[in-house]
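Heads up: the sequence lines are chains A and B, in that order.
Using my numbering, the first residue of the first sequence is number 11, and each one after it goes up by one.
Using my numbering, the first residue of the second sequence is number 11, and each one after it goes up by one.
Even for Gly, the Cβ is constructed at its ideal location relative to N, Cα and C.
All remarks here apply to the structure that follows.
Number of protein chains: 2
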Amino acid sequence: MDLLERLGLLGRRVLLLHHDDLGLTHAQNGAYQALGFPTGSVLVPGAWASGVRGEDLGVHLVLTSEWPAPRMRPLTPGESLRDEAGYFPSSLEVLWQNARLEEVERELKAQIEAAKRLFSPTHLDTHQGAVLRPDLAEIYVRLAEEYRLVPLIPESLEGLGVPPVFLPELERLMAQVPFPRVRFLDPYGLPPEERLGFYLDLANLPPGLYYLVHHSALPTPEGRALPDWRTREADYFALAHPEVRRVLSEFYPLTWRAVREVLWGAS
Amino acid sequence: MDLLERLGLLGRRVLLLHHDDLGLTHAQNGAYQALGFPTGSVLVPGAWASGVRGEDLGVHLVLTSEWPAPRMRPLTPGESLRDEAGYFPSSLEVLWQNARLEEVERELKAQIEAAKRLFSPTHLDTHQGAVLRPDLAEIYVRLAEEYRLVPLIPESLEGLGVPPVFLPELERLMAQVPFPRVRFLDPYGLPPEERLGFYLDLANLPPGLYYLVHHSALPTPEGRALPDWRTREADYFALAHPEVRRVLSEFYPLTWRAVREVLWGAS
Chain A
11 MDLLERLGLL GRRVLLLHHD DLGLTHAQNG AYQALGFPTG SVLVPGAWAS GVRGEDLGVH
71 LVLTSEWPAP RMRPLTPGES LRDEAGYFPS SLEVLWQNAR LEEVERELKA QIEAAKRLFS
131 PTHLDTHQGA VLRPDLAEIY VRLAEEYRLV PLIPESLEGL GVPPVFLPEL ERLMAQVPFP
191 RVRFLDPYGL PPEERLGFYL DLANLPPGLY YLVHHSALPT PEGRALPDWR TREADYFALA
251 HPEVRRVLSE FYPLTWRAVR EVLWGAS
Chain B
11 MDLLERLGLL GRRVLLLHHD DLGLTHAQNG AYQALGFPTG SVLVPGAWAS GVRGEDLGVH
71 LVLTSEWPAP RMRPLTPGES LRDEAGYFPS SLEVLWQNAR LEEVERELKA QIEAAKRLFS
131 PTHLDTHQGA VLRPDLAEIY VRLAEEYRLV PLIPESLEGL GVPPVFLPEL ERLMAQVPFP
191 RVRFLDPYGL PPEERLGFYL DLANLPPGLY YLVHHSALPT PEGRALPDWR TREADYFALA
251 HPEVRRVLSE FYPLTWRAVR EVLWGAS
C-alpha cells in the first residue's frame with residue numbers, strides 16, 4: 011500500500027504532528043488547547059483523560075507509570091501489571107519481565123473501551139513503547155484491526171531504543187502488517203536550547219510522510235512537577251512560535267482520522 | 011470515653027485542623043506543603059496520592075468522582091461502583107442507589123491497603139460523606155477497628171446534609187461505637203469573602219474538641235480547573251494569613267496520630 015498515493019499526496023511533504031501524553035496533567039491538556047493542532051493521544055488511565063476534547067484523538071496505551079507522581083493504575087485486575095501499591099510498574103524492564111499476555115490484552119482492550127466512552131478515537135500508540143515486546147506488539151496490531159484504529163508503526167526501528175533481542179521478531183511482524191509506516195521525528199532527547207532550531211530545520215525536509223511527536227505542556231507549577239518538564243515546555247514554546255508555525259504550514263497537515271478513512275472508510 | 015480527659019486536655023480548646031482532598035491535584039498537595047500543618051487525608055485513587063508526604067495523614071475513602079475532570083476510578087472491579095467509562099459515579103444519589111455492600115467493602119479495603127504502601131495512615135474519613143448510607147457506615151467503623159485507624163465521627167449529624175431517611179440508623183450506630191466524636195467546623199459553603207472572618211472568629215470558641223476541615227489549594231491553572239476552586243483558594247489564603255495563624259496558635263494542636271496512640275498505643 012502507498013498511503014500517500016491513495017491520499018493524492020505523492021511527492022508532497024506530509025506531516026502528522028502528534029501531541030503525546032494528553033490526559034496526564036492539566037498542563038498537557040492546556041497546551042493542546044492553546045496550540046490548536048488536532049492530533050494527539052490520551053493516557054486513558056490518566057486523571058485528566060476525561061478533560062480532553064479534540065478532533066483527532068487516539069489511545070496512548072499505558073502499561074508503565076514512570077514518575078514518582080502523578081501515577082497511573084491499570085483499569086483491570088491483572089497482578090502482572092501492577093506494583094505493590096497497585097500502580098503500573100515504573101520501568102519497561104519490570105513490565106517486560108512480568109507482564110502476562112492475557113492480562114495485557116485485557117488491559118489494553120479496557121483502555122480502548124473506556125476511551126470510546128470519552129471521545130471518538132482514531133488511532134493507537136503506546137506510552138514509552140511498552141508494546142515493543144514482540145508478543146505484546148502482536149496484540150497491539152490485532153487490537154488496531156479489531157477496533158479499526160490506525161496503529162502508529164515507524165518506518166524504521168533504528169534509534170528508537172528497542173532492545174536488540176526484540177528486533178528480529180518486530181521486523182518480521184512489521185513487514186506483514188497492512189498499515190502505513192511513518193518516518194519518526196522526535197525532539198524529546200534534544201536539549202531545550204536546541205528545540206527551536208530543530209523545528210525551524212523541518213523546512214529542509216524532502217517530500218515524504220513524517221510523524222513528529224511532541225510533549226508540549228504549559229509552564230505551570232503542576233506541569234513542572236514532572237521530572238522532564240523542560241523538554242515539555244521547550245516543545246510548547248517552539249510550537250507557539252510564529253516562525254515555527256510558518257514552517258509547519260508548508261507541510262500538508264495529515265490527521266489519523268484521514269488515514270483511518272482511507273483504510274476503512276468514514277465511520 | 012472522654013478523649014480530652016485521657017489526653018490531659020480537659021477544659022482546653024483543642025483543634026484537629028484537617029486538610030481534605032490531598033492527592034487529588036498538584037495544587038492541593040502544594041498547599042499542604044506550603045501551609046505546614048500536619049493533618050490531612052489522601053484520596054488514594056487520585057493521581058497525586060503518591061506525591062503526599064506528611065506526619066499525620068489519613069485515608070480519604072472515595073466512592074464518588076464528582077467533577078468532569080480530574081476523575082477517579084475504583085481500585086477494584088466492582089461493577090456497582092463505576093459508570094460506563096469506568097469512573098466512580100458522579101453523584102451520591104447514584105452511588106447509594108447502586109453500591110453493593112461486598113463491593114464497597116472490597117474497594118475500601120483496597121484503598122486502605124494501597125495507602126499503607128504509600129505512607130503510614132493514622133485515620134479514616136470519606137470523600138463527600140459517601141459512607142453515610144448506614145450499611146456502608148457500618149463497614150467504615152469496622153474497617154477503622156480492623157486497621158486501627160481513627161474514624162472521623164461528628165458529634166452531631168445536623169447540618170451535614172445527611173438524608174433524613176439515614177438518620178435513625180446512623181444515630182444508633184454512632185451511639186455504639188467506641189470512638190471519640192468531634193465538633194465539626196466547615197467553612198466550605200461560605201462565600202470566599204467571608205472566609206477570613208470565619209477563621210478569625212475561631213478566637214471566640216469555648217473549650218472543646220473541634221475538627222476544622224479545609225480544602226486549601228494553590229492559586230494555579232490546575233487548581234482553578236476544579237469548579238469549586240474559589241472556596242479552595244479562600245481557605246489557602248486565610249490559612250496563610252498571619253492573623254489567622256495567631257488565632258490558631260491559641261488552640262492545642264491535636265493530631266489523629268495522638269488520638270490513635272490513646273486508643274491503641276504507639277504503633
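Nearest candidate by alpha-carbon position, reference residue i, set the options
i, options, result
"R81(A)", "P55(B), R92(B), P99(B), R23(B)", "P55(B)"
"T35(B)", "L167(B), E232(B), F98(B)", "E232(B)"
"L17(B)", "A268(B), H29(B), W274(B)", "A268(B)"
"D93(B)", "R127(A), G96(A), D245(A), E94(A)", "R127(A)"
"L146(B)", "N39(B), D31(B), L118(B)", "L118(B)"
"D245(B)", "T265(B), L195(B), A57(B), L134(B)", "L195(B)"
"E15(A)", "P190(A), L153(A), Y97(A)", "P190(A)"
"L258(B)", "A213(B), L236(B), H225(B), R240(B)", "A213(B)"
"A44(B)", "S90(B), S226(B), R152(B)", "S226(B)"
"G21(B)", "P202(B), Y262(B), T230(B)", "Y262(B)"
"E243(B)", "H224(B), V254(B), R255(B)", "H224(B)"
"S101(B)", "D238(B), V172(B), S75(B)", "S75(B)"
"L167(B)", "E260(B), D31(B), L142(B)", "L142(B)"
"A37(A)", "V254(A), A235(A), G275(A), T265(A)", "A235(A)"
"L215(A)", "P201(A), R83(A), R193(A)", "R193(A)"
"L153(B)", "A95(B), T132(B), E165(B)", "T132(B)"
Range covered by the beta strand (DSSP E) that runs through residue i
i, result
"K133(B)", "Residue identity differs from the one stated: residue 133(B) is His in this sequence, not Lys. 133-136 is the span of the beta strand (DSSP E), which, as asked, contains H133(B)."
"L25(A)", "23-32"
"R193(A)", "193-195"
"D6(B)", "Nothing about residue 6(B) can be reported from this structure: the residues present for chain B run from 11 to 277 only."
"T49(B)", "49-52"
Range of the contiguous alpha helix (DSSP H) that encloses residue i
i, result
"L128(B)", "111-128"
"Y97(A)", "It is not in any alpha helix (DSSP H) - Y97(A) carries neither H nor E in the DSSP assignment."
"Y150(B)", "144-157"
"L45(A)", "36-45"
"L275(B)", "Residue identity differs from the one stated: residue 275(B) is Gly in this sequence, not Leu. Here G275(B) belongs to no alpha helix (DSSP H), and DSSP marks it neither H nor E."
"P252(A)", "252-258"
"P178(A)", "177-186"
"D211(A)", "205-211"
"N108(A)", "102-108"
"E15(B)", "13-16"
Beta-bridge pairing of residue i - partner residues as DSSP gives them
i, result
"H7(A)", "For chain A, the structure presents residues 11 to 277; residue 7(A) sits outside this window and is missing."
"L219(B)", "V24(B)"
"Y262(A)", "V24(A)"
"V160(A)", "H133(A)"
Residue i: CB within 7 Å of a non-hydrogen atom of the ligand ZN
i, result
"G61(A)", "Questions concerning the ligand ZN fall outside what the structure shown contains, since it holds no ligand whatsoever."
At least 3 beta-carbon pairs within less than 8 Å: the region 130-142 of chain B vs the region 100-108 of chain B: yes
Should the region 107-123 of chain B be regarded as contacting the region 150-161 of chain B, the criterion being three or more beta carbon pairs within less than 8 Å? yes
Answer yes if the region 109-117 of chain B comes into contact with the region 179-195 of chain B, meaning at least three C-beta pairs across the two stretches below 8 Å, and no otherwise. no
Could you run through the region 79-100 of chain A and flag, in chain order, every residue whose CB is less than 8 Å away from some CB of chain B? A79, P80, R81, M82, R83, L85, T86, P87, E94, A95, G96, Y97
Quick test of the definition: if touching needs 3 or more C-beta pairs under 8 Å, does the region 71-79 of chain B touch the region 258-276 of chain B? no
Does the count of Cβ pairs from the region 209-220 of chain A and the region 22-35 of chain A closer than 8 Å reach three? yes
Please list the residues of the region 212-238 of chain A that have a C-beta atom closer than 7 Å to any C-beta atom in chain B, keeping them in chain order. L228, T230, P231, E232, A235
According to a CB-to-CB cut-off of less than 8 Å, which residues of the region 251-262 of chain A neighbour chain B? none
Counting Cβ pairs, one atom from each stretch, are 3 or more of them under 8 Å apart for the region 201-213 of chain B and the region 201-211 of chain A? no
Output needed in chain order: residues of the region 40-68 of chain A with a Cβ under 8 Å from some Cβ in chain B. G40, P55, G56, A57, W58, A59, S60, G61
Given a limit of 7 Å on CB to CB distance, which residues of the region 119-134 of chain B reach chain A? A124, R127, L128
Against chain A: residues of the region 27-38 of chain B by CB proximity under 8 Å: T35, H36, A37
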